[in-house]
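One structure is given here, and the rest of the page talks about it.
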Amino acid sequence: MNEARTYKILIVDDSIHTQEVVQRNLTSAGYDAYSCESVEDAVRFLSDSTIDLVITDVKMPGRSGHDLVKHVRDHYSDVGIMMMTGYPDIADAVRAVKDGAAEYLVKPFTDEELLSAVHRMIEKISRRQTVRTDREPDRSYGIIGASAGMQKVFHRIEKASATNATVLISGDSGTGKELVARAIHYNSKRRNAPFVTVNCTAIPESLLESELFGHMKGSFTGANETRKGFFQVADQGTIFLDEIGDASPNLQAKLLRVMQNKEIRMVGAGMQVQVDTRIIAATHKNLAALVEKKLFREDLFYRLNVIDIHIPPLREREDDMLMMINTYVNKFAREMDRTPPAFSDNTLAVLKNYSWPGNVRELENLIQKLVVIVDGDVIRTSDLPENMRFNIGQSQKQHRKLDDVINDHIRDILTSVNGNKTLAATILGVDRKTLRMRLRKMETPDRPETDTG
Numbered sequence: 245m246n247e248a249r250t251y252k253i254l255i256v257d258d259s260i261h262t263q264e265v266v267q268r269n270l271t272s273a274g275y276d277a278y279s280c281e282s283v284e285d286a287v288r289f290l291s292d293s294t295i296d297l298v299i300t301d302v303k304m305p306g307r308s309g310h311d312l313v314k315h316v317r318d319h320y321s322d323v324g325i326m327m328m329t330g331y332p333d334i335a336d337a338v339r340a341v342k343d344g345a346a347e348y349l350v351k352p353f354t355d356e357e358l359l360s361a362v363h364r365m366i367e368k369i370s371r372r373q374t375v376r377t378d379r380e381p382d383r384s385y386g387i388i389g390a391s392a393g394m395q396k397v398f399h400r401i402e403k404a405s406a407t408n409a410t411v412l413i414s415g416d417s418g419t420g421k422e423l424v425a426r427a428i429h430y431n432s433k434r435r436n437a438p439f440v441t442v443n444c445t446a447i448p449e450s451l452l453e454s455e456l457f458g459h460m461k462g463s464f465t466g467a468n469e470t471r472k473g474f475f476q477v478a479d480q481g482t483i484f485l486d487e488i489g490d491a492s493p494n495l496q497a498k499l500l501r502v503m504q505n506k507e508i509r510m511v512g513a514g515m516q517v518q519v520d521t522r523i524i525a526a527t528h529k530n531l532a533a534l535v536e537k538k539l540f541r542e543d544l545f546y547r548l549n550v551i552d553i554h555i556p557p558l559r560e561r562e563d564d565m566l567m568m569i570n571t572y573v574n575k576f577a578r579e580m581d582r583t584p585p586a587f588s589d590n591t592l593a594v595l596k597n598y599s600w601p602g603n604v605r606e607l608e609n610l611i612q613k614l615v616v617i618v619d620g621d622v623i624r625t626s627d628l629p630e631n632m633r634f635n636i637g638q639s640q641k642q643h644r645k646l647d648d649v650i651n652d653h654i655r656d657i658l659t660s661v662n663g664n665k666t667l668a669a670t671i672l673g674v675d676r677k678t679l680r681m682r683l684r685k686m687e688t689p690d691r692p693e694t695d696t697g
């Protein structure tokens, strides 16, 4: 096997536990491992990234692993495929092989079984004479934007990449905090070492030390083998602590101890071992406010907040909207092998004025939905979800109400001066011509706008 390059593996499973166990084993073995929870997420990930091997579960909510296998075969013929399932079935295994999966693992499988299968797949990939040229991901790592706010983000990424300092990324859910963390890691000197993601809300308190620091064989019931924890897997690389604002007090204390001492102790081990792991944390919460309320440790906050990067919400990035819409429309149209639809001017105006509570994730999902369900060449406001159409109506009502208030005020002034337009204009602070034009508009209300595209 070619040891000069790090092979990239994508794990697709709706079980977070399975994702984390498989990802940890693969990164420990020297692979660059990523994970997605659904076929839809995997399809998006593959369109932006270079992957050598896909390991997918068979049964998942929505589209199945067989759908993903077909997509990979149709679009990335040089990518290896391995399937895993907790529901073994001969017919299903035969179908997997026919679809193009070269390996078929039955859950639960041991670490050795997993790694042996992966090694076999990588050997086949490395022996191919006509291997595709690696499509290195864009240096922005999927981050789209040219607005002033995003230029500040890119500048901070560049600064953070040149150091080993801890980074705290803040921003609403769906703004792309993990993309920023990955951009920092893969532009830093640690790029060839593992990037390990830890969801701080997903670690059970009872498994906290084992998950973070690993455990020795026999150290507790069920510890049938020695296993590395997140910090050991990420040694020499980067550990990304997602949703750090939701970390329990116990987790906060253990993280602080690692940051202070740069060493950990595996459960059941007698000695501490040193780790060289860069920490990047992210949160959608205001950590400074949590510190004030005594809900987050002040000492941990200051250790994390060496370099801070705030990602602005999508509602503050109107200048990026058209660029993002075009990018997503072209991407999903390419996946569906169709001509990218256009957007009417009114539709674009609605999208620009919408509040986007789900941020970039919501926009991307909406564009994918529209490209899939709209058959015509133009997407109109009538194609938008009901909540967006409701917002359009509410906005129009608010404008009409404001006009009514102004008109009523003008009528009151005219009544008080017995219809004297010159005097009324003086009281209103406008010239007589402006008042006359306003009165004509009041007599002939504007017709409602129609979406002509």
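For my numbering, count along the sequence shown from 1 and bump the result up by 244. Even glycine gets a Cβ: it sits at the ideal position worked out from N, Cα and C. Nothing here was measured: the structure is a model prediction, and the numbers come from that model.
Locate the alpha helix (DSSP H) running through residue i, then write down its first and last residues.
i           : result
residue 509 : No alpha helix (DSSP H) contains residue 509, which DSSP labels as neither H nor E.
residue 430 : 421-430
residue 349 : Residue 349 -> not in any alpha helix (DSSP H); beta strand (DSSP E) instead, spanning 347-350.
residue 405 : 392-405
residue 678 : 676-687
residue 665 : 665-672
residue 206 : Absent from the structure is residue 206, since the part of the chain shown begins at 245 and ends at 697.
residue 604 : 603-617
Provide the residue(s) that pair with residue i in DSSP beta bridges, ordered along the chain.
i           : result
residue 554 : 414
residue 443 : 486
residue 297 : 253 and 324
residue 622 : 586
residue 459 : 471 and 511
What residue from the options has the CA that sits closest to residue i's CA?
i           : options               : result
residue 548 : 580, 665, 532 and 612 : 532
residue 560 : 601, 438 and 403      : 601
residue 394 : 565, 569 and 678      : 565
residue 535 : 444, 496 and 417      : 496
residue 516 : 523, 507 and 614      : 507
residue 504 : 363, 545, 299 and 593 : 545
residue 527 : 681, 553, 629 and 616 : 553
residue 454 : 615, 264, 562 and 309 : 264
residue 524 : 538, 414, 573 and 604 : 414
residue 619 : 577, 467, 607 and 556 : 577
residue 629 : 604, 598, 401 and 681 : 598
residue 266 : 291, 288, 294 and 352 : 352
residue 605 : 355, 387, 467 and 311 : 387
residue 501 : 543, 469, 593 and 679 : 543
residue 361 : 298, 407 and 312      : 298
residue 434 : 520, 459 and 444      : 520
residue 419 : 558, 658, 540 and 522 : 558
residue 235 : 668, 313 and 665      : With the chain running from 245 to 697 in the structure shown, residue 235 is simply not present.
residue 583 : 442, 562 and 615      : 615
residue 443 : 474, 469, 470 and 468 : 474
residue 490 : 667, 439, 530 and 607 : 530
residue 268 : 592, 667, 664 and 439 : 439
residue 291 : 670, 580, 681 and 480 : 580
residue 356 : 459, 301 and 471      : 471
residue 632 : 467, 289 and 593      : 593
Would you mind reading off the limits of the beta strand (DSSP E) that contains residue i?
i           : result
residue 326 : 324-329
residue 451 : Here residue 451 belongs to no beta strand (DSSP E), and DSSP marks it neither H nor E.
Which residue spans inside the stretch 248-290 form an unbroken alpha helix (DSSP H) run of at least 4? Counting only runs of 4 or more, we get 260-272.
What residue ranges within the stretch 471-545 form continuous alpha helix (DSSP H) runs of no fewer than 4 residues, ordered along the chain? 474-477, 493-505 and 531-536
Is there contact here, the stretch 497-513 with the stretch 455-472, by at least three beta-carbon pairs under 8 Å? Segment contact: the stretch 497-513 against the stretch 455-472, three or more CB-CB distances shorter than 8 Å; contact assigned.
Would you check if there are 3 or more beta carbon pairs closer than 8 Å linking the stretch 251-258 to the stretch 421-428? no
Taking contact to mean 3 or more Cβ pairs, one atom from each stretch, closer than 8 Å, check whether the stretch 447-461 and the stretch 424-439 are in contact. no
Runs of 4 residues minimum, wholly inside the stretch 575-601: which ones carry the alpha helix (DSSP H) assignment? 589-597
Is it true that the stretch 346-366 meets the stretch 322-333, where meeting means three or more beta-carbon pairs spaced less than 8 Å apart? yes
Could you check whether the stretch 392-407 touches the stretch 347-367, counting it as contact only if at least three pairs of C-beta atoms, one from each stretch, sit closer than 8 Å? No: the two stretches stay apart, fewer than three of their Cβ pairs being nearer than 8 Å.
Check whether the stretch 256-274 and the stretch 299-310 touch, using three or more Cβ-Cβ pairs below 8 Å as the test. yes
Would the stretch 307-318 count as touching the stretch 267-276 if we require 3 or more Cβ pairs under 8 Å? no
Counting Cβ pairs closer than 8 Å, one from the stretch 588-597 and one from the stretch 613-629, do we hit at least three? Counting Cβ pairs under 8 Å, three or more are found: they touch.
Any contact of the stretch 282-292 with the stretch 478-489, i.e. 3+ C-beta pairs under 8 Å? no
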